[in-house]
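Residue numbers (my numbering): 13 to 255.
The beta carbon of each residue, even a glycine, is placed where N, CA and C say it ideally should be.
Written as structure tokens, this is what we have:
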């Protein structure tokens, strides 16, 4: 299936390049129209005039999309340094300007990447959600794929982040009562809902195990008090007496 897979990827690359050419032509047409409007419509645009170049921002976005697509296809072709390429994929996704174009490329061509390849990047992806980075939407997309296919690999990391996030939410609830928009941690709770919705029985079992570990392995209050008193007495004994 390798030749067929490569042929399909090349076809996708050709289609993406054609779409980029259309976007460039559209940008050129809009630029010419703006120039004509700015001149009051008195100067007609000659058909032999050189085409106006797209804006710097538009050209940068097209280059980022092409680079991201190239790295995703390289990972799909099972190259040897796929881990380094995944790091570059995340790096490029962090340059998203809010238009969602890079996220669209990742969703369209990154879905065929095995979710297990993202296991080492789970803490970094969760950090993107916690810090509300520019690539938070891309992180959420990748984590939802892991949550659906491999919930065991994500649950414990997510549970730790959720405990921290619940504490922060309780502290800032009064301060953010009148704010409107995406609150910090909203994507984290959305990811947790996705995992529990896809695997309700497993989530319930893992939560029961987590509760048992946190309660039964925790020392009793009296034992904690005795340990603290023992440490205090040891420090008192170690204090040198004045001569």
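Contact check for residue 118 and residue 79: beta-carbon distance about 12 angstroms, past the 8 angstroms limit, so the pair fails to qualify.
In the three-state scheme derived from DSSP, where H, G and I count as helix and E and B as strand, residue 106 is classed as coil.
Between the region 148-165 and the region 123-135, the count of Cβ pairs shorter than 8 angstroms is three or higher; the stretches touch. Secondary structure note for residue 187: it is in no alpha helix (DSSP H), with a DSSP letter that is neither H nor E. Counting only runs that start and end inside the region 211-245, the alpha helix (DSSP H) elements of at least 4 residues fall at 212-228. About 5 angstroms separates the CB atoms of residue 177 and residue 200; that is less than 8 angstroms, so the two are in contact.
One Cα belongs to residue 134, the other to residue 202, and the distance between them is close to 16 angstroms. Residue 146 carries a coil assignment under DSSP once its states are collapsed to helix, strand and coil. Check the Cα spacing between residue 168 and each of 148, 218, 197: the tightest is with 218. Exposed is the label assigned to residue 235, since fewer than 16 other Cβ atoms lie within 10 Å of its Cβ.
Within the model, the alpha-carbon separation for residue 138 versus residue 92 is close to 26 angstroms.
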